[in-house]
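*Asks:* This is the structure I have questions about; it appears just below.
In our numbering, the protein residues as written are 0 to 364.
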């Protein structure tokens, strides 16, 4: 699930709050209600790390965002006229010069129809590298002019490919309820976006680059299927959760402040000892072979509660992953419909701790 690409030269904080409020963090909402949010540059800067929304107001910047990151986006709401904001137009200026537009596609930019050009650029990308159907289904124009007043230049360019561009994908600016209804009826109904908005703190881990986005896709798939009663599905998802848990522990062992005190046998040659790592970050005693305490770690990186949850997670997920196969185990654990939600929520709780841990310690020697 990619971000929403929202391109509007007159970037307005009130509209962003109204249209995308549910996807904003508390800090972003507070900023948009401050005097600083009068400036488009400040709005774009503040929303730069938003999980769901990427905003642009400058045509050239929008080109760059698409050229070097089109795969990040799944929804597109783009103003057709990006010649410049009303203030600039009134002064006879614009926010770009024709020679600034990179020659990425053959079609020339028609002044006042920059959004059409961005659509063609996206279409070129999706035809070459992805699914053009996704773009056609999820691309929407914002315009101050109806198609009758200003015909779509894309219709000329695409006449051999498409008979028409869907009229319900053209949203008139003077009817703000149209855009609000579109967001509510289209974007807000997409399951992946709903999942990510409900678990913002968890998915910040991926946004900050602390974990690969491959694991983000894995977690989304699990959350989509969280209420499955199929035991094979449950056990498959739990195996994936266990892999994600191990990856988090691996990332922890790479932090310099941890490696100073942690025995390298806990992670040597990439062979993790999750149980030992969990005990270490809990500041718990280390036991020698005779089970006598020979050292107590002084720093508690996690609380006793998180420690207990992690210990439980690792024990349960490991038994399920290994099929409960033990010659000495007479009673084997069989997963139920409750097992996957329990372990998923434990792991997400741990991920929130992990994000805070990385924020604090990743740069400490």
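Beta carbons are placed, not taken as given, at the ideal position from N, Cα and C, and that holds for glycine. Keep in mind the model is a prediction, meaning the values are calculated, not measured.
Considering only the beta carbon of each residue, do residue 39 and residue 56 sit closer than 8 Å?
*Replies:* yes
*Asks:* According to DSSP, is residue 117 part of a helix, a strand, or is it coil?
*Replies:* DSSP places residue 117 in helix when its eight states are reduced to three.
*Asks:* Between the C-alpha atoms of residue 244 and residue 205, what's the straight-line distance to the nearest angstrom?
*Replies:* 14 Å
*Asks:* What residue does the alpha helix (DSSP H) around residue 200 start on, and which one ends it?
*Replies:* Per DSSP, the unbroken alpha helix (DSSP H) holding residue 200 starts and ends at 199-206.
*Asks:* Which two residues bound the contiguous beta strand (DSSP E) that contains residue 142?
*Replies:* 138-142
*Asks:* Mind checking residue 101: buried by the 16 CB within 10 Å criterion, or exposed?
*Replies:* exposed
*Asks:* May I ask you to report which of helix, strand or coil DSSP gives residue 15?
*Replies:* helix
*Asks:* Looking at residue 186: is its Cβ nearer than 8 Å to the Cβ of residue 312?
*Replies:* no
*Asks:* With 16 as the cutoff for other CB atoms within 10 Å, does residue 2 come out buried or exposed?
*Replies:* buried
*Asks:* Here's a check: name, in chain order, each residue in its chain whose Cβ is nearer than 8 Å to the Cβ of residue 121, leaving out the five neighbours to either side.
*Replies:* 65, 69, 75, 134, 138
*Asks:* Would you identify the three-state DSSP class for residue 342, choosing helix, strand or coil?
*Replies:* helix
*Asks:* On the three-state DSSP scale, how would you describe residue 27?
*Replies:* In the structure shown, residue 27 sits in a helix (DSSP, three-state: H, G or I).
*Asks:* Hey, residue 196 and residue 51: beta-carbon distance below 8 Å or not?
*Replies:* For residue 196 and residue 51, yes; Cβs fall inside 8 Å.
*Asks:* Around the Cβ of residue 261, are there at least 16 other Cβ atoms within 10 angstroms (buried) or fewer (exposed)?
*Replies:* buried
*Asks:* Taking residue 318 as the reference, which of 342, 300, 302 has the closest Cα?
*Replies:* Comparing Cα-Cα distances from residue 318 to each of 342, 300, 302, the minimum goes to 342.
*Asks:* Skipping 5 residues on each side, what residues in its chain have a beta carbon closer than 8 Å to that of residue 160?
*Replies:* With a pLDDT of only 44 at residue 160, under 50, the local geometry of the prediction cannot be trusted, and the value read off the model is given with reservation. Around residue 160: no qualifying Cβ.
*Asks:* State buried or exposed for residue 53, treating a residue as buried only when at least 16 other CB atoms are found within 10 Å of its CB.
*Replies:* buried
*Asks:* Between the Cα of residue 184 and the Cα atoms of 246, 172, 168, which residue gives the shortest distance?
*Replies:* 168
*Asks:* Taking C-alpha atoms, which residue in 228, 240, 99 lies nearest to residue 348?
*Replies:* 240
*Asks:* In the DSSP assignment, the beta strand (DSSP E) including residue 279 goes from what residue to what residue?
*Replies:* For residue 279, there is no enclosing beta strand (DSSP E); the enclosing alpha helix (DSSP H) covers residues 273-280.
*Asks:* Under the assumption that residue 273 contacts residue 248 (Cβ atoms under 8 Å), give the Cβ distance between them as a whole number of angstroms.
*Replies:* 6 Å
*Asks:* Output the distance between the C-alpha atoms of residue 315 and residue 26, rounded to the nearest integer angstrom.
*Replies:* Distance between the alpha carbons of residue 315 and residue 26 is about 37 Å.
*Asks:* In this structure, what does DSSP give as the bridge partners for residue 210?
*Replies:* Per DSSP, none; premise fails for residue 210.
*Asks:* Decide if residue 22 is buried, meaning its Cβ has at least 16 other Cβ atoms within 10 Å, or exposed.
*Replies:* buried
*Asks:* Would you kindly report the start and end of the unbroken beta strand (DSSP E) that includes residue 108?
*Replies:* First-last for residue 108: undefined, no H or E at that position.
*Asks:* What residue ranges within the stretch 65-99 form continuous alpha helix (DSSP H) runs of no fewer than 4 residues, ordered along the chain?
*Replies:* 85-89
*Asks:* So, is residue 288 buried or exposed, given that buried needs 16 or more other C-beta atoms within 10 angstroms?
*Replies:* With a pLDDT of 44 at residue 288, under the threshold of 50, the modelled position of this residue cannot be trusted; read the value that follows with caution. By the 10 Å Cβ count, residue 288 comes out exposed.
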